[in-house]
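So the structure is just underneath, and the comments pick up after that.
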Amino acid sequence: MGARTATIGLSLGADICWPICYETLLEQLDLDLNLESDRVKVACERVTIEPFSLRQPVKYDVVIDRLTHWYSTSREWIKKAILLDDLYVYNNPWSLQSNEKHTSYAAMMALGLPVPDTWMLPPKAYDLTDDLEVTLKRYARLFSLDDIGDKIGYPFFMKPYHGGGWKGVSKIGSAADLHKAYDASGTEIMNLQAAILPHDWFVRTIGLGPQIRQVNYDPSAPLHDRYRLDIDFLSEDDQSLLEDMALTINAFFGWDFNSCEALRRDGVWHPIDFANACPDSQITSLHYHFPWLIKANLRWSIFCAATKRKMRRNMDWAPFYAVVEQDMPYRERLRAYAMIARERFETERFHDFCHTHLGHLDELAYNFFGSDRMRDAIRQKVTTLFPDHEIDEFTELFWSRVQRWRQQEGATCLSS
Ligand SMILES: Nc1ncnc2c1ncn2[C@@H]1O[C@H](COP(=O)(O)OP(=O)(O)OP(=O)(O)O)[C@@H](O)[C@H]1O
Ligand SMILES: [Mg+2]
Numbered sequence: 009m010g011a012r013t014a015t016i017g018l019s020l021g022a023d024i025c026w027p028i029c030y031e032t033l034l035e036q037l038d039l040d041l042n043l044e045s046d047r048v049k050v051a052c053e054r055v056t057i058e059p060f061s062l063r064q065p066v067k068y069d070v071v072i073d074r075l076t077h078w079y080s081t082s083r084e085w086i087k088k089a090i091l092l093d094d095l096y097v098y099n100n101p102w103s104l105q106s107n108e109k110h111t112s113y114a115a116m117m118a119l120g121l122p123v124p125d126t127w128m129l130p131p132k133a134y135d136l137t138d139d140l141e142v143t144l145k146r147y148a149r150l151f152s153l154d155d156i157g158d159k160i161g162y163p164f165f166m167k168p169y170h171g172g173g174w175k176g177v178s179k180i181g182s183a184a185d186l187h188k189a190y191d192a193s194g195t196e197i198m199n200l201q202a203a204i205l206p207h208d209w210f211v212r213t214i215g216l217g218p219q220i221r222q223v224n225y226d227p228s229a230p231l232h233d234r235y236r237l238d239i240d241f242l243s244e245d246d247q248s249l250l251e252d253m254a255l256t257i258n259a260f261f262g263w264d265f266n267s268c269e270a271l272r273r274d275g276v277w278h279p280i281d282f283a284n285a286c287p288d289s290q291i292t293s294l295h296y297h298f299p300w301l302i303k304a305n306l307r308w309s310i311f312c313a314a315t316k317r318k319m320r321r322n323m324d325w326a327p328f329y330a331v332v333e334q335d336m337p338y339r340e341r342l343r344a345y346a347m348i349a350r351e352r353f354e355t356e357r358f359h360d361f362c363h364t365h366l367g368h369l370d371e372l373a374y375n376f377f378g379s380d381r382m383r384d385a386i387r388q389k390v391t392t393l394f395p396d397h398e399i400d401e402f403t404e405l406f407w408s409r410v411q412r413w414r415q416q417e418g419a420t421c422l423s424s
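Numbering (this note's numbering), first residue to last: 9 to 424.
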C-alpha cells in the first residue's frame, strides 16, 4: 500500500475568515484515509505568487481558487498546471474566462430555461482603434432605443454583459431612463433584460460540486442582511427544481462553485444571474449559512484531492443538446440535464466517500463554530470592513447567527 499526502492549495486574495475555518477544520479532521491501494493524508497550504517556469511542476492536487477571475498571473499559472501537471481546480478557468453572463443566458435559453427576454446593445462610446471608424461607418446600423424599449416592455434591467457585483446595473422604468442609462454606459457593452417584477421569491442557490443550498435573498437589504435566515422555506417541488437548475448550469459550464439567482413569478422560476463562479464566501454576507459553506467546501475539496478526481479540461455540451432534441416537457428535460450533472459531479461516489471518511466532520464543525477561534476569525474579518465603533456590534451579530446555525442545523447533524 502506497502512502501519499494529497495537497490542497488555497489561492486567496482578500479572504480572511473562511481560510482560517477551512485550515483549522482540515487539521482537526487529521485524515489518514484507506483508499483502494493508497494510504492518503490530506494537507493544505496557501498558494504564493511567484515567477514560474512553465515546466516547473506544481505541488498541489487541487486548488481552491478565489483569485483568478481578476488576477491574470494566477489564472495563467492554473491553466498551465491543468495542462501540464494534472491539477484539479475549482471552476474551469477557460470556461470562466470566456463564458460571460451574456453567454450563460444564451446557453440556458438553448436548454429551454425561462431566462427573461434579453437584448444586447452595441456600446455607446468606444476607445479609438485603427479600424474602428471604417468598421462602424460601413456596418453599424442606426437604431432606435425607444423601439427596443417598447419591444422589451417597461420596466426592465440594464446591466453589463459580463456581470460584476451590481456595478452598472439599473432598473429602467421609461424611455427617458433608458436614454439616460445608455448615455452613461460609456464603453460598457450592455444587456437589457425584461424584469421579473413583481416576484414572490428571490432565491440564491449555491452549488459546491453536487452539494446545493438555497438561500432566501433580499437584494434591497444592507449587505449583511441580504442572505435571509430562513430554512425550509420552499416546497419540495421548488427545492428540487432549483437544485436541478443550479446543477445543470454548474455542470454545463464546469463550475464547481457557483451561485444561481432565480426569481419566481406566477409559479415559474426565472434564472436571472448565474455566472457567479466563486461567489461571495465572506462571513459578513453569509453569516448563518457560512458553516454550511465551509463544510461543503471541505468535503468537495477533500474528495477531489484524495480520489484524484480528473479535471474536465473541455466543456462537452453535446449530451445537453441531445436532451434538447428529445423535446420533453420542461420539468422532465431539466431532470434529464440534472442527471448528466449529477454524473459529472460523481454524486453517488462523493456521498459514499463522505459517509465512509468524513463522518467526524459534523461534530468537529459543531464544536469549532462555537469556539473562541471562530469568534476571533469573525472579528478579524469585521475589523477590515466596519468602522471602529461598529466592530463589537457586528462581530456579535455574525457570531450569534453562527450560533443559531449550530442550534438549528449543527446539532441536528450530530443526532442524525
Ligand atoms: N431580470 C430581472 N428581473 C428582476 N430583477 C432583476 C433582473 N435583473 C437584475 N435584477 C435586479 O438587479 C440586481 C443585480 O442584477 P444582477 O444580479 O444580474 O447583476 P450582478 O452585477 O451580476 O450582481 P451580483 O453581484 O449578484 O452578481 C439583482 O440582484 C436583482 O435585484
Ligand atoms: Mg446578481
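From the three backbone atoms N, C-alpha and C, an ideal C-beta is built for every residue, glycine too.
Assigned secondary structure, residue i (DSSP; H/G/I helix, E/B strand, else coil)
i	result
D191	helix
S112	helix
H278	strand
V390	helix
E53	strand
P27	helix
M382	helix
R273	strand
D40	strand
Y96	strand
K145	helix
C286	coil
D324	coil
D396	helix
L422	helix
D208	coil
E58	coil
M117	helix
R341	helix
Y329	helix
Beta-ladder partner(s) of residue i, from DSSP
i	result
T213	Q222, C268
Y235	Y225
D73	S19
Q334	DSSP output for Q334 lists no bridge partner at all.
S178	M166
L104	According to DSSP, which records beta bridges pairwise, L104 is partnered with nothing at all.
A11	R47
Beta-carbon proximity of residue i to residue j, cut-off 9 Å
i	j	result
P2	S267	There is simply no residue 2 to check, as the chain begins at 9 and stops at 424 in what is shown.
R412	G378	no
W26	I302	yes
D264	W308	yes
N100	F261	yes
H297	R387	no
I16	Y68	yes
A11	V50	no
R146	H207	no
F376	T32	yes
H295	Y235	yes
E21	R74	Sequence inspection shows Gly at residue 21; the Glu mentioned does not correspond to that position. Their beta carbons are under 9 Å apart, which means G21 touches R74 by this criterion.
G120	R350	no
G171	N284	yes
L153	L205	no
Span of the alpha helix (DSSP H), counted from its first residue to its last, around residue i
i	result
M253	244-261
L301	298-314
R137	In the sequence under discussion, the amino acid at residue 137 is Thr, which differs from the Arg named in the question. Run containing T137: none; DSSP gives neither H nor E here.
S408	399-413
D158	153-160
F376	369-376
C362	355-365
R83	80-93
L294	291-294
Span of the beta strand (DSSP E) around residue i
i	result
N199	198-202
W127	126-129
Proximity test, Cβ basis, 9 Å: residue i and chain C
i	result
Y134	Among the chains of the structure shown, chain C does not appear; only one protein chain is present.
Count the C-beta pairs between the stretch 301-314 and the stretch 243-256 that are closer than 8 Å, then say yes if the count reaches three, no if not. At 8 Å Cβ cutoff, the stretches do not touch.
Evaluate contact between the stretch 160-167 and the stretch 80-87, counting only Cβ atoms and requiring at least three cross-stretch pairs below 8 Å. no
Do the stretch 276-283 and the stretch 228-245 make contact, defined as three or more Cβ pairs closer than 8 Å? no
Quick check: the stretch 127-138 against the stretch 194-208, are there 3 or more CB pairs under 8 Å? yes
With contact counted as at least three CB pairs below 8 Å, one residue from each stretch, are the stretch 208-228 and the stretch 345-362 in contact? Touching, per the Cβ criterion.
Between the stretch 37-49 and the stretch 361-369, can you find at least three pairs of beta-carbon atoms closer than 8 Å? yes
Give a yes or no on contact between the stretch 94-110 and the stretch 46-60, applying the rule of three or more CB pairs nearer than 8 Å. no
With contact counted as at least three CB pairs below 8 Å, one residue from each stretch, are the stretch 328-342 and the stretch 198-211 in contact? no
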